[in-house]
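What follows is a short report on a single structure.
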Amino acid sequence: MDIQSLVDNVPVEGEYSLEGIDFITSGEQFLTFQLAQEQYGVDILCVEEIRSWEQPTIIPNSPSYIKGVINMRGIIVPIIDLRMKFSIGEAVYNETTVVVVLTVENKHITRTIGFVVDAVSDVLNAEENEILNAPVFGGCISQHYIKGLVNVGDNIVTLLNVQALQSIEPHKH
Numbered sequence: 020m021d022i023q024s025l026v027d028n029v030p031v032e033g034e035y036s037l038e039g040i041d042f043i044t045s046g047e048q049f050l051t052f053q054l055a056q057e058q059y060g061v062d063i064l065c066v067e068e069i070r071s072w073e074q075p076t077i078i079p080n081s082p083s084y085i086k087g088v089i090n091m092r093g094i095i096v097p098i099i100d101l102r103m104k105f106s107i108g109e110a111v112y113n114e115t116t117v118v119v120v121l122t123v124e125n126k127h128i129t130r131t132i133g134f135v136v137d138a139v140s141d142v143l144n145a146e147e148n149e150i151l152n153a154p155v156f157g158g159c160i161s162q163h164y165i166k167g168l169v170n171v172g173d174n175i176v177t178l179l180n181v182q183a184l185q186s187i188e189p190h191k192h
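In this text, residue positions in the sequence shown follow our numbering: the first is 20, and each later residue adds one.
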């Protein structure tokens, strides 16, 4: 096979499938996960990795939702239990419990934080016009943590603001 025949097989602009794989051409992708019986999502571009639950090293005098820290390839990563942070029932750690590690760059600062969730669900593709503003009604999750809502079949997925998640409130003694 020569170079020209290889070039002829490369998809050109406007062709969005290659051997049955559809390419995303617009919209955003979110990693969805479960907390209690509810579905939440975070921007998939911020997901560094998904790790199985392991007991982190405890940090004395930290808020109860901060479970501790882990060493991830030389980076010290704080581990936050989202169920506890949002006061959504009791935190239970079992075989489906995972830590979603998110990395966000803010003004020349890169932060990596792990979030304990009950289970990872799927990847959600959402167009900008499908993301609805969350109504203000004083739920258990503060409004600044919510980016929007997306209807998925009969369910609603709450999209979380990754930058707001990365802020840790001052500890009240």
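Beta carbons are placed, not taken as given, at the ideal position from N, Cα and C, and that holds for glycine.
For Arg102, the secondary structure class from DSSP, reduced to helix, strand or coil, is helix. Inter-segment contact for the region 86 to 96 and the region 119 to 138 is present: three or more beta-carbon pairs are separated by less than 8 Å.
Here Ile77 is not near Val139, since their CB atoms are 8 Å or more apart. Within the model, the alpha-carbon separation for Ala145 versus Ile63 is close to 12 Å. By the CB criterion at 8 Å, Val111 and Val66 fall outside the cutoff.
Taking a contact as a CB-CB distance under 8 Å, the pair Val169 and Leu143 counts as one, their CB atoms being some 7 Å apart. The residue among Leu121, Gly172, Ile160 and Leu184 with its C-alpha nearest the C-alpha of Phe105 is Ile160.
Here Ala183 has His163 and Tyr164 as same chain residues with Cβ atoms under 7 Å from its own Cβ, once five neighbours each way along the sequence are excluded.
Spatial neighbours of Thr51 in its own chain (CB-CB distance under 6 Å, excluding positions within 5 residues in sequence) are listed in chain order as Gln58, Gly60, Ser140, Asp141, Leu143 and Val176. About 6 Å separates the beta carbon of Leu121 from that of Val181, a gap short enough to meet the 8 Å contact definition. When the alpha-carbon of Leu54 is set against those of Glu109, Ser81, Gly93 and Glu73, the nearest one is in Glu109. Note on geometry: alpha-carbon atoms of Asn152 and Ile107 lie some 21 Å from one another. For the pair Ser186 and Asn80, the Cα-to-Cα distance works out to about 17 Å. Here the alpha carbon of Trp72 sits roughly 31 Å from the alpha carbon of Lys126. Partner residues in the beta bridge of Pro97, as assigned by DSSP, are Val88. Per DSSP, Ala138 is one residue of the beta strand (DSSP E) stretching across Ala138 to Ala145.
Closest in alpha carbon position to Leu179, among Ile150, Thr129, Val96 and Gly93, is Ile150.
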